[in-house]
Structures are given as C-alpha cells and as structure tokens.
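Below is one structure; the comments refer to it alone.
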Amino acid sequence: MIATKGLVFDIRHFSVHDGPGIRTAVFLKGCPLRCMWCHNPESQSLLPENMKRSRKVGEKSFDFDEMVGREMTPNEVVAELQKDIPIYDESGGGATFSGGEPMIQFDFLYQVLEECRRMEIKTAIDTCGHAPLEQFRAVEPLTNLFLYDLKLIDSTQHKEFTGVDNSLILQNLEMLLSRKARIHIRIPLIPGITDTDENLLGIKDFLLSHSGAERIDLLPYHDIARSKYVRLGRDNPFKLSGAYDSQKLSRIQDLFINLNIPVTVGG
Ligand code: SF4
Numbered sequence: 722m723i724a725t726k727g728l729v730f731d732i733r734h735f736s737v738h739d740g741p742g743i744r745t746a747v748f749l750k751g752c753p754l755r756c757m758w759c760h761n762p763e764s765q766s767l768l769p770e771n772m773k774r775s776r777k778v779g780e781k782s783f784d785f786d787e788m789v790g791r792e793m794t795p796n797e798v799v800a801e802l803q804k805d806i807p808i809y810d811e812s813g814g815g816a817t818f819s820g821g822e823p824m825i826q827f828d829f830l831y832q833v834l835e836e837c838r839r840m841e842i843k844t845a846i847d848t849c850g851h852a853p854l855e856q857f858r859a860v861e862p863l864t865n866l867f868l869y870d871l872k873l874i875d876s877t878q879h880k881e882f883t884g885v886d887n888s889l890i891l892q893n894l895e896m897l898l899s900r901k902a903r904i905h906i907r908i909p910l911i912p913g914i915t916d917t918d919e920n921l922l923g924i925k926d927f928l929l930s931h932s933g934a935e936r937i938d939l940l941p942y943h944d945i946a947r948s949k950y951v952r953l954g955r956d957n958p959f960k961l962s963g964a965y966d967s968q969k970l971s972r973i974q975d976l977f978i979n980l981n982i983p984v985t986v987g988g
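722 is the number of the first residue of the sequence shown in the working numbering; add one for each residue after it.
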C-alpha cells in the first residue's frame, strides 16, 4: 500500500495528560469544528500556516515566523514513537493521536494505527467524535482507548458554539459504546456554555441510558490560547480570563456521582 502522508503539528514526548501512563502525543492538523473556546487554534486548518514566535538571546529578543504543520509519513511517526517504547512498557502508556481532530486525516491515522498494532504500541484517539461512522468502525479494533469529547448535549447549541450539530458525534459514541470500546468521556467546562446544570445533567442522562464509559474527565477552561490567537494574527472569539472556580468544579464532580464511574479533573 502507498503510504499516505499526514500533516503533523507537534509530537510531545512524556505526556501524562493524554491517557494512561506516560505517552507520546501526536497532534494532527485540521478540525471540522470551530469551537469558540478552542485552545489549539493553530490546529484548525488542514494547511500549514505561519505563527509568530519570539526568542530571547541575552538581552535581545528576536521575532520570527514558525511554520505550524509538517508532512510526515506513517513510518516517520512510528519511528518517533518507537523511541519511547521502554517508557510505555514501564508506565502502561502508549501513543495518543490528538489535534485538531485526528480522524480528519483518516487514511494517514489508519496506517499509523496499523503500524502501532504491529509494533504492540498501545494507542488512544483524542476525538471530538465528528467523523463518518464507517471510519470510527474501522479504527475501533486498532484503538485501545478513545478520549471522547462531549461538549453540548443540545444539538442547536452545539451548532451555535462549535459550528456543527452533535448528531454524528452521539451516533458514533453510541456505536463505540455498543462495541464495548474503552472510552473516557471528556467534558470541557466552558463558563456559561458547557458548564450549565442543564447541559451537564443532559450529558449525565445520556450516559445513564448509554452505559459503558470508563470514566469522565472534566476539563476546566483556561485561557492559555490567548497568545496563540495573537501570534496567528487572528481574533480570539472567546475572551474570558482567570482560573476556573474550584467550588463550582467540586459541585460538578458531585453531579455525576451516581454514574458510578470515576470523575476526574484534567486528562
Ligand atoms: S474540537 Fe478541539 S481542536 Fe477542534 S475546534 Fe474544538 S477545541 Fe479546537
């Protein structure tokens, strides 16, 4: 088979927030959503793009353009992963494919997953869930864990804040749960948008009627993307700052208590 090249914008070794153990996170470019609060705006476009950077040398600061996104073959990605195999073995970790939305580069991702399976590297896909059902069916047997975002249970609100409705996302999740795939549900807590009681209780109801998720990760909003928008020369559509309210966070954890699965903060 001819190798499909992928567009990768980062490979982060020794990650502890992208699934179990110590992992290598591979970030693929491109996303079908446009979440207002996106913390990785440099990931959204399927094309390489310039981002301003600044580096201090002594007293002087130098500005330069950095290209975000480089083409890699599946073998090149797997060669990076192979370096960390002893760490995966020791820690119970593996490789996590994130983005952007990794499923948007389906052919490339599939080939990397196949190679990982051959090398006995455990894999996770960090996904917004918006990709064709048959593509999720295809990757499911090659994937050890799905980190699956559930942002807004109301489809109209989902479209308003992310640009797409959630019908495909819920359909794919139902399919994966019915196949007993290993799934961690990830809920980004965006003040006044996703962290309302109405939304969180709606997500809880969905998970009560579609059981099987292994745990819930609550991801409180942070504003680390602010400088990225400036460096990309783009307007930041969501300008909230400050730390997430810790009291509210523990109350939200309690909301999910009778699902009888762990509810953690962070990945
Ligand atoms: S799904 Fe993730 S990467 Fe895509 S726009 Fe939303 S927050 Fe950004």
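All C-beta atoms in this analysis are idealised placements derived from N, C-alpha and C, irrespective of residue type, glycine included.
Review point. If you drop the 5 nearest sequence neighbours on each side, which residues of the same chain put their C-beta closer than 7 angstroms to that of F735?
Key: Against the sequence shown, residue 735 aligns to sequence position 14. So the list reads I743, once near-sequence residues are dropped.
Distance, Cα to Cα, P753 vs G987?
Stepping through the sequence shown from its first residue, residue 753 is reached at position 32. Stepping through the sequence shown from its first residue, residue 987 is reached at position 266. Spanning the two alpha carbons is a distance of roughly 24 angstroms.
Q) Do you know how far the Cα of N887 is from the Cα of L749? A) What you label residue 749 is simply residue 28 of the sequence shown in a count that begins at 1. What you label residue 887 is simply residue 166 of the sequence shown in a count that begins at 1. Cα-Cα distance, rounded: 22 angstroms.
In whole angstroms, what is the alpha-carbon distance linking C756 and P762? One-based indexing of the sequence shown puts residue 756 at position 35. One-based indexing of the sequence shown puts residue 762 at position 41. Taking the straight line from one Cα to the other gives about 9 angstroms.
Item to check | Coil, strand or helix - K781 by DSSP | outcome: For this step, residue 781 is matched to residue 60 along the sequence shown. Residue state for K781 is assigned as strand, using DSSP reduced to three classes.
- In the structure shown, what three-state DSSP assignment does V729 receive? Working through the sequence shown from its first residue, we reach residue 729 at position 8. The DSSP-derived three-state label of V729 is strand.
Beta-carbon separation of A800 and F827 under 8 angstroms?
Residue 800 sits at position 79 when you count from the first residue of the sequence shown. Residue 827 sits at position 106 when you count from the first residue of the sequence shown. Contact flag unset, no.
Where Y965 falls: helix, strand or coil (DSSP) = If you number the sequence shown from 1, residue 965 lands on position 244. Three-state result, Y965: coil.
Inset, instruction - Return helix, strand or coil for E801, following the three-state DSSP convention. - result: Numbered from 1 along the sequence shown, position 80 holds the residue referred to as residue 801. Of the three classes helix, strand and coil, the one that applies to E801 here is helix, per DSSP.
Under a three-way DSSP split, which group does G737 fall into?
Reading the sequence shown from its first residue, position 16 is the one you call residue 737. At residue 737 the sequence reads Val, which differs from the Gly that was named. Looking at V737 - three-state DSSP - the assignment turns out to be coil, as it is neither helix nor strand.
**Prompt:** Nearest-angstrom Cα distance between L929 and I978?
**Reply:** Along the sequence shown, read from residue 1 onward, the residue named residue 929 stands at position 208. Along the sequence shown, read from residue 1 onward, the residue named residue 978 stands at position 257. Going from the Cα of L929 to the Cα of I978 covers about 11 angstroms.
Between R806 and L834, what straight-line distance do the alpha-carbon atoms span, to the nearest angstrom? Against the sequence shown, residue 806 aligns to sequence position 85. Against the sequence shown, residue 834 aligns to sequence position 113. It should be pointed out that residue 806 corresponds to Ile in this sequence rather than to Arg. Approximately 15 angstroms, taken between the alpha carbons.
Residue interval of the beta strand (DSSP E) (run including E990)
It is not possible to answer for residue 990, since the shown part of the chain is limited to 722 through 988.
**Ordered list of alpha helix (DSSP H) runs contained in the region 859-894, each at least 4 residues** = Taken in chain order, the unbroken stretches of alpha helix (DSSP H) that lie wholly in the region 859-894 and span 4 residues or more are 876-883.
_Local Cβ density within 10 Å of L854, reported as buried at 16 or more and exposed below that_ = The residue you call residue 854 lines up with position 133 of the sequence shown. Residue burial is scored here from C-beta neighbours: L854 has fewer than 16 other C-beta atoms within 10 angstroms and is therefore classed as exposed.
- request: Can you grab the Cα-Cα spacing for the pair R776 / E787, in whole Å?
  value: Counting from one through the sequence shown, the residue named residue 776 turns up at place 55. Counting from one through the sequence shown, the residue named residue 787 turns up at place 66. Between R776 and E787, the C-alpha separation is close to 11 angstroms.
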